[in-house]
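**Student:** These protein sequences, in sequence, are chains C and Y. Residue 32 is where the first sequence starts when you use my numbering, and the numbers rise one by one after that. Residue 199 is where the second sequence starts when you use my numbering, and the numbers rise one by one after that. I'd like to ask some things about the structure below.
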Amino acid sequence: MKILVCISIVPDTTSKITKEESDNFLKKSDLTFIVGPYDDYALSRAIEIKESTENVEVAVLHVGLETSEPLIRKCLALGADYAIRINGDPKSSIQIANEICNYVKENNFDLILMGKEAIDYNSGMIHGLVASGLNFNHFSPVMKLELKDQGIELQIETDSGKSTIQCNLPAVLGCQEPIAEWKIPSMRGIMTARTKELKVYEMKYKDSNFEINNETVIETNRKQILIPKENLDLLIQALKKDIQFN
Amino acid sequence: MINLAIFLDFKQNKLTNHSKSLLTFANSLVVNHSGIQLHLYTIQSINNCNIPVTTKVESITSFAVNNHVYFSTNASLDNLVTHLKNTNITHVFSSKSILNDLIGAKLSMILHYELITNIKSLKVEDGYFHFSKSIFSGKAIAKMKGIIKPCIAIFPKGFTGDIVPDDQIETKEIKTETITSTHISTSIIIEESLIQSEIQLSEAEIVVGAGRGLKDPKNWGIIENLAGMIKAATACSKPVSDLNWRPHHEHVGQTGIKISPKLYIACGISGAIQHLAGVNGSGTIVVINNDPEAPFIKHADYVILGDLFTIVPELTKLFNEA
């Protein structure tokens, strides 16, 4: 069985996002980058499955620039067998999805996992686009994943609750917690990752019609008013004024 | 000519607030620009649809599904796609939800339409769409521009704030045309569990969140009482859901649900940046914490320092009297 885990490389949640006043775009050079937290869940589950099942191969794919390679190596250190980087600077979800579809069409996979969304542009669309482009089954957000008979059993979140689903392969899944626990690479994993294969291909698909022409940081200035605990009435009055609370 | 389709969501046969605001916005586009025609779609089987009398609408279509299993395949959308093509739909607007995201992504791929999400504002000017979208989990905004080519656009909940109360809108009832999905899914639903709480977290106008400061899952009664009193949904921080003190669907934060209620009351939550990423879209934030150094305090409108076990019941009492 072949599993492909697609990863995003995104600014660390704790990074402070800044912008030079003269500049139109956010300053990316100061940011620390990480593997998308949701993608990390997907990868962790793929590796759990590989460790507990015979004949499972896990590949990691990223569409992005060479600067992402140390983080791709980290995924190999966690236990993925090999990695693919599709070289380029993608501008839209559709562009990334087309690159993934193209790779999968040439290199069959049974199961494609990724996070339910990337935390940079938060679209949460790539798994749906990939599933549609490949005409595979698609579910998201997936909270539990087990191999069962020839297919998979999933627990998914829906707009009204949760459902347990039985589904055939091939499938594309957008993952979220608690599908697995995040993993930390072992020393041995880090050593072996150095020699694992990382294939690089060039991006083929063109850009989106929509272009970002300006980015700004949102500064929410909260009032930070201290309400004495002996006088909670003040809070009720303030809220009534602020939000027509009734 | 833009043939604009709005996907409307209904809850208990009533148009949701998110759909109402999206419809109001779409109607303003129709009124202010020539060459835009409005078509309404519902992914539910309904016979009649009540919409504001001022809405200029060409058609209403309801897409009835028997065995769609959450639109997990392209084929489940076949008849809808055919209908959209026959109606020459060039643009689709929908409100963000799990279902609308699943459908939106597939329609974009099948129809080869562009896809835009997280829209905060949108203008039509000189043959271009100008819009801004929220990025980096609400920490920044990107302004974008593109030629008005066919696209699927997904608007976050609470896209436009103003919702006219039902009793102030004169509505007209329009009969819907129904199309049916004939696709039989190979996926099977084994079990379904619905969220019991009356107020859904992602839709709630008021949310009461609680964290490890509650010390024990047995102590959640005071939080539930406060939430019940002010018709709020309950939420929790990640550590609390990791400890299984509260269900995962209540987890608000970077890797949980992102909320944007009018009022968020955070009790015993320190305010780690991951939690803030899930709540920074809230209107007013109240923080109750006994730690004056808690990071949340800098991100709050109102702060009450002290023991939440006395403050929360006291507040519940005051809200009751108010």
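By construction, the Cβ of each residue, glycine as well, lies at the ideal position given by its N, Cα and C atoms.
1. CB-CB under 6 Å to residue 117 of chain C, same chain, minus the five flanking residues each way: which ones, in chain order?
2. Give the straight-line distance between the Cα atoms of residue 200 of chain C and residue 181 of chain C, rounded to the nearest whole angstrom.
3. Taking Cβ-Cβ distances shorter than 7 Å, what residues in chain Y pair up with residue 155 of chain C?
4. Closer than 9 Å by beta-carbon distance: list the chain Y residues that pair up with residue 63 of chain C, in chain order.
5. Just checking: is the beta-carbon of residue 509 of chain Y within a distance shorter than 8 Å of some beta-carbon in chain A?
6. Among C/124, C/65 and C/88, which residue has its Cα nearest to the Cα of residue 98 of chain C?
7. Mind checking if residue 124 of chain C is an interface residue toward chain Y, Cβ cutoff 8 Å exclusive?
8. Note down the Cα distance separating residue 312 of chain Y from residue 133 of chain C, rounded to an integer number of angstroms.
9. Spell out a yes or no on whether the region 469-481 of chain Y and the region 43-58 of chain C are touching, meaning 3 or more CB-CB pairs, one atom from each, closer than 8 Å.
10. May I ask you to report which of helix, strand or coil DSSP gives residue 397 of chain Y?
11. Taking 6 Å as the limit between beta carbons, can you name the residues of its chain near residue 194 of chain C, skipping five residues before and five after?
12. In chain Y, which residues lie less than 7 Å from residue 159 of chain C when you measure between Cβ atoms?
13. Apart from the five residues just before and just after residue 228 of chain C, which ones in its own chain have a Cβ nearer than 6 Å to its Cβ?
14. Could you spell out the range, first to last residue, of the beta strand (DSSP E) harbouring residue 205 of chain Y?
15. What did DSSP end up calling residue 137 of chain C once you bin it into helix, strand or coil?
16. In its own chain, which residues sit with a C-beta less than 7 Å from the C-beta of residue 157 of chain Y, not counting the 5 before and 5 after it?
17. Which residue's Cα is closest to the Cα of residue 333 of chain Y: C/63, C/53, C/68 and C/249?
18. Are the C-beta of residue 458 of chain Y and some C-beta of chain C separated by less than 8 Å?
19. Name the chain C residues whose beta carbon is nearer than 8 Å to that of residue 517 of chain Y?
20. Tell me the residue span of the alpha helix (DSSP H) that contains residue 69 of chain C.
21. Quick one: grab the DSSP three-state call for residue 97 of chain C.
22. Enumerate in chain order the residues of its own chain whose CB-to-CB distance from residue 203 of chain C is below 6 Å, with the five nearest sequence positions on each side excluded.
23. In chain C, what lies closer than 7 Å to residue 375 of chain Y by C-beta?
24. What is the rounded straight-line gap between the Cα of residue 223 of chain C and the Cα of residue 305 of chain Y?
25. Which two residues bound the contiguous alpha helix (DSSP H) that contains residue 278 of chain C?
26. Pairing CB atoms from the region 100-115 of chain C with CB atoms from the region 72-90 of chain C, are three or more of them under 8 Å?
27. Between C/208, C/251 and C/254, which lies nearest to residue 454 of chain Y when the distance is taken from Cα to Cα?
28. The alpha helix (DSSP H) that contains residue 513 of chain Y, what's its start and end?
29. By Cβ distance, which residues of its chain are closer than 6 Å to residue 320 of chain Y, with the 5 residues on each side in sequence left out?
30. According to DSSP, residue 500 of chain Y sits in a beta bridge with which residue or residues?
31. With 7 Å as the limit, tell me which residues of the region 236-257 of chain Y have their beta carbon closer than that to any beta carbon of chain C; keep them in chain order.
32. Going by DSSP, what residue range makes up the alpha helix (DSSP H) through residue 307 of chain Y?
33. Confirm, please, whether the CB-CB distance from residue 262 of chain Y to residue 369 of chain Y is below 8 Å.
34. Would you report the Cα separation of residue 211 of chain Y and residue 244 of chain Y, rounded to the nearest angstrom?
35. Quick check on residue 277 of chain C: does DSSP put it in helix, strand or coil?
36. From residue 316 of chain Y to residue 295 of chain Y, what distance separates their C-alpha atoms?
**Tutor:** Reading off the structure:
1. Translated into the one-based positions of the first sequence, residue 117 of chain C becomes position 86. A distance below 6 Å between beta-carbons, with the five flanking residues on each side excluded, links residue 117 of chain C to the following residues of its chain, in chain order: 94, 130, 232 and 234.
2. What you label residue 200 of chain C is simply residue 169 of the first sequence in a count that begins at 1. What you label residue 181 of chain C is simply residue 150 of the first sequence in a count that begins at 1. Taking the CA atoms as reference points, residue 200 of chain C sits about 8 Å from residue 181 of chain C.
3. Along the first sequence, one-based indexing puts residue 155 of chain C at 124. Listed along the chain, the chain Y residues whose CB falls inside 7 Å of the CB of residue 155 of chain C are 299.
4. For the purposes of this step, residue 63 of chain C is taken as residue 32 along the first sequence, with counting starting at 1. Neighbours of residue 63 of chain C in chain Y, taken as residues at a C-beta separation under 9 Å, are lacking, since the least C-beta distance is about 13 Å.
5. Chain labels in this structure do not include chain A; the protein chains are C and Y.
6. Indexing the first sequence from 1 puts residue 98 of chain C at position 67. Checking every option, the nearest Cα to that of residue 98 of chain C belongs to C/65.
7. Locating residue 124 of chain C in the first sequence gives position 93, counting from the first residue. Using a Cβ-Cβ cut-off of 8 Å, residue 124 of chain C counts as an interface residue toward chain Y, since at least one Cβ of chain Y sits closer than that to its own.
8. If you number the second sequence from 1, residue 312 of chain Y lands on position 114. If you number the first sequence from 1, residue 133 of chain C lands on position 102. The alpha-carbon atoms of residue 312 of chain Y and residue 133 of chain C are separated by roughly 18 Å.
9. Between the region 469-481 of chain Y and the region 43-58 of chain C, the count of Cβ pairs shorter than 8 Å is three or higher; the stretches touch.
10. Indexing the second sequence from 1 puts residue 397 of chain Y at position 199. Of the three classes helix, strand and coil, the one that applies to residue 397 of chain Y here is coil, per DSSP.
11. Residue numbering aside, residue 194 of chain C sits at position 163 when the first sequence is read from its first letter. Cβ neighbours of residue 194 of chain C beyond the five flanking positions: 187.
12. Position 128 of the first sequence holds residue 159 of chain C. Simply 299, 300, 303 and 304.
13. Along the first sequence, one-based indexing puts residue 228 of chain C at 197. Excluding its 5 nearest sequence neighbours in each direction, residue 228 of chain C has C-beta neighbours in its own chain below 6 Å: 113, listed in chain order.
14. The count along the second sequence starts at 1 and reaches residue 205 of chain Y at position 7. Per DSSP, residue 205 of chain Y belongs to the beta strand (DSSP E) from 200-206.
15. One-based indexing of the first sequence puts residue 137 of chain C at position 106. In the three-state DSSP reduction, residue 137 of chain C falls in the helix class (H, G or I).
16. Since the first residue of chain Y shown is 199 and the last is 520, residue 157 of chain Y is not available in this structure.
17. Looking up residue 333 of chain Y in the second sequence gives position 135. In terms of Cα proximity to residue 333 of chain Y, the closest of C/63, C/53, C/68 and C/249 is C/249.
18. Position 260 of the second sequence holds residue 458 of chain Y. Output row for residue 458 of chain Y: interface = no.
19. Counting from one through the second sequence, the residue named residue 517 of chain Y turns up at place 319. By Cβ distance, chain C contributes 267.
20. Here residue 69 of chain C refers to the residue found at position 38 of the first sequence. Where residue 69 of chain C is concerned, the enclosing alpha helix (DSSP H) stretches over 68-83.
21. Walking along the first sequence from the start, residue 97 of chain C turns up at place 66. Correct three-state label for residue 97 of chain C: helix.
22. Position 172 of the first sequence, counted from the first residue, corresponds to residue 203 of chain C. Taken in chain order, the residues that qualify are 143, 158, 161, 162, 167 and 169.
23. Within the second sequence, the letter at position 177 stands for residue 375 of chain Y. Within 7 Å of the CB of residue 375 of chain Y, no CB atom of chain C is found; the nearest one sits about 24 Å away.
24. On the first sequence, residue 223 of chain C is found 192 positions in, with the first residue counted as 1. On the second sequence, residue 305 of chain Y is found 107 positions in, with the first residue counted as 1. The C-alpha of residue 223 of chain C lies about 42 Å from the C-alpha of residue 305 of chain Y.
25. The structure shown has nothing for residue 278 of chain C, since chain C only spans 32 to 277.
26. Touching, per the Cβ criterion.
27. Translated into the one-based positions of the second sequence, residue 454 of chain Y becomes position 256. Closest by alpha carbon: C/208.
28. Here residue 513 of chain Y corresponds to residue number 315 of the second sequence, with the count starting at 1. It spans 506-519 - the alpha helix (DSSP H) in which residue 513 of chain Y sits, taken as one unbroken run.
29. In the second sequence, counting from the first residue as 1, residue 320 of chain Y sits at position 122. Cβ neighbours of residue 320 of chain Y beyond the five flanking positions: 329.
30. What you label residue 500 of chain Y is simply residue 302 of the second sequence in a count that begins at 1. C/256 and Y/484, per the DSSP bridge assignment.
31. Going along the region 236-257 of chain Y in chain order, one finds no residue with a Cβ nearer than 7 Å to chain C.
32. Within the second sequence, numbered from 1, the residue matching residue 307 of chain Y stands at position 109. Residues 296-309.
33. One-based indexing of the second sequence puts residue 369 of chain Y at position 171. One-based indexing of the second sequence puts residue 262 of chain Y at position 64. Result no, Cβ atoms of residue 369 of chain Y and residue 262 of chain Y do not sit closer than 8 Å.
34. Looking up residue 211 of chain Y in the second sequence gives position 13. Looking up residue 244 of chain Y in the second sequence gives position 46. The C-alpha of residue 211 of chain Y lies about 8 Å from the C-alpha of residue 244 of chain Y.
35. Sequence index remark: in the first sequence, residue 277 of chain C carries index 246 (1-based). Confidence in residue 277 of chain C is poor, its pLDDT being 49 and thus under 50, which makes the residue's placement too unreliable to answer from.
36. Taking the second sequence and counting its residues from 1, one reaches residue 316 of chain Y at position 118. Taking the second sequence and counting its residues from 1, one reaches residue 295 of chain Y at position 97. Distance between the alpha carbons of residue 316 of chain Y and residue 295 of chain Y: 11 Å.
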